[in-house]
Every structure is written in structure tokens, then in C-alpha cells.
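Participant: Residue numbers (our numbering): 49 to 303.
Backbone N, C-alpha and C define an ideal beta-carbon position, used for all residues, glycine too.
I have a structure I would like to understand better, so I am pasting it below and will then ask my questions one at a time.
Here is the structure:
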């Protein structure tokens, strides 16, 4: 039985812990386009990076794995060079990964105001017949509210104040989410979304890849939303600084 692209992406990321990336045969060794701009292009660059890791400390724990067409994407709790939470995305051709995007953030291992971690919560996709609708909803929220700053429309995307929040700097609730964003702006630490680049989904889970600034630093925002009854109900995110172009190790771009 053919395994899904989400399962393939999980196998690839789990192979970091076992040191078997070259053996599993799921990455095209001749054509592998890298969008992690801190890593050189190609398969050999990944193998070289893994050689630098202290393998006695390395672990990989794939929490969520999803498929959207030829894309497999996973939400991972790692120890690579430090405790890390990441989203990894692979595009497959003829069964092999030929392109990779990711976003990584240090995991403090602390719980937020509501006692939640960056990775706990629901993990399994349901409502597969609603994938397209849910992708449209999440895309509209980010484009209209976060990028477009139409905060008066935010209530259309939530069921009252219900929002299960996994951002380490926030607690639960829609009001809490927007109050924290307002506080950051007033303190000169604004989290400013400028563009949406990609929207991926399976069932009731949607991952939105966006660009913007946090504390005036150029960043990539990966936001994962769980949707229930056409409303956003749960949110995870990973935020990573995008280095200046002259410091990037490939020319493929973050997105």
C-alpha cells in the first residue's frame, strides 16, 4: 500500500534521529531544491549539516503529519542543535522529495499563560471533504485581518472568544490574541504580516506561510489553524528570522 506524502515527510524528518536519511531513499539525490536559506542547495548539504549535530542529543518527534496533493508537511518537536519546534514541508515527484521548506523556532519547553506547549493539542485531520473550504477560511483570515489590518472583521472567523492558543507568549482567547498584538505594537514590538505565500491543508488543519516583521526584524510566519464548523478554534505557530540576502546560503528564497 502506497504511503501518503505526509507519512513520507514524517519518515524523512524522523531519519535525522536515526542517521538514516541517505538510506531511506525518499529524497532525490540529484535534484533537491532547498528553501531553508541557512543551508546550501542540494542533498549533500543536508547530509553535511547532519554530520555537525551531536547525535547523542538529537531527537525527532513528529507530532502532526498532513498531505496536500504532492506536498507532505509535518509539525515536529526536535533537538537538533537546541530544543526546536519546526514545520517541515516536502514536495514530492515520482515518490521522492525534490523541494523543501521549513521554519524553526527555539522551544523554551515552558507552557504559556493557559498551560499549553507549542506542540500539544489535537493531531489528527478530520473533515477531509471540507479541505478546500477550510483553506479558503484560513487564507481569508490571514490576508484580510493580519495582512489587511481589517480587525473589525476578525469576529467572522471565530466562535465568540474561543481560541485554543499554543503561541508561547499568549494565552487562550480571541480577545487575548488581539490584545497582545496591540500591546506589542504600543511597545514598538509590532508583529506585522505583509504577504501570504502558500496555504496548505488537509481536512480541518490548515498551514499558512506568510512573510512580515516582528520587532522590526524580517521574519517568516508559519501559522497552523484547526478549524471546526467553519471557525478557527486552535492555533500553533513558528516564527523565524529571515537573514539578509547576502547572508543566505542558497538563492531559492525562503518561500
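1) Are the Cβ atoms of residue 266 and residue 257 separated by less than 7 Å?
2) Does the beta carbon of residue 280 fall short of 6 Å from some heavy atom of the ligand SAM?
3) Can you look up residue 229 in the DSSP assignment and give me helix, strand or coil?
4) Can you have a look at residue 249 and say buried or exposed, based on whether 16 or more other CB atoms are within 10 angstroms of its CB?
5) Taking the alpha helix (DSSP H) that residue 184 falls in, what are its first and last residues?
6) Thinking C-alpha only, which one of 242, 219 and 222 is nearest residue 192?
7) Taking all protein chains shown into account, do 16 or more other C-beta atoms lie within 10 angstroms of the C-beta of residue 64, making it buried, or fewer, making it exposed?
8) Ignore the nearest five residues each way along the sequence and tell me which others in residue 289's own chain have a CB closer than 6 Å to its CB.
9) Are the stretch 164 to 174 and the stretch 205 to 214 touching by the rule of at least three beta carbon pairs closer than 8 Å?
10) Taking the continuous beta strand (DSSP E) assigned at residue 92, which residues delimit it?
11) Assign residue 293 to buried or exposed, taking buried as 16 or more other Cβ atoms, counted over all protein chains shown, within 10 Å of its Cβ.
12) Closer than 7 Å by C-beta to residue 306: which residues in its own chain qualify, once you throw out the five before and the five after it? Chain order, please.
13) Based on Cα-Cα distance, which residue from 54, 235 and 83 lies nearest to residue 291?
Facilitator: Taking the definition as stated:
1) 7 Å or more divides the Cβ of residue 266 from the Cβ of residue 257.
2) Absence of the ligand SAM from the depicted structure is noted, as is the absence of any ligand whatsoever, leaving it without description.
3) Residue 229 falls in the helix class under three-state DSSP.
4) Within a 10 Å sphere around the beta-carbon of residue 249 sit 16 or more other beta-carbons, which makes this residue buried.
5) In this chain, the alpha helix (DSSP H) harbouring residue 184 covers 179 to 188.
6) Ranking 242, 219 and 222 by Cα distance to residue 192 puts 242 first.
7) So residue 64 counts as buried.
8) Cβ neighbours of residue 289 within its own chain (closer than 6 Å, five residues either side excluded): 265 and 267.
9) Yes, they touch.
10) Per DSSP, residue 92 is not a residue of any beta strand (DSSP E); the alpha helix (DSSP H) it occupies stretches across 91 to 99.
11) Here residue 293 is exposed, its C-beta having fewer than 16 other C-beta atoms within 10 Å.
12) Outside the shown range of the chain, which is 49 to 303, sits residue 306, and nothing can be said about it.
13) Distance from the Cα of residue 291 is smallest, within the candidate group 54, 235 and 83, for 83.
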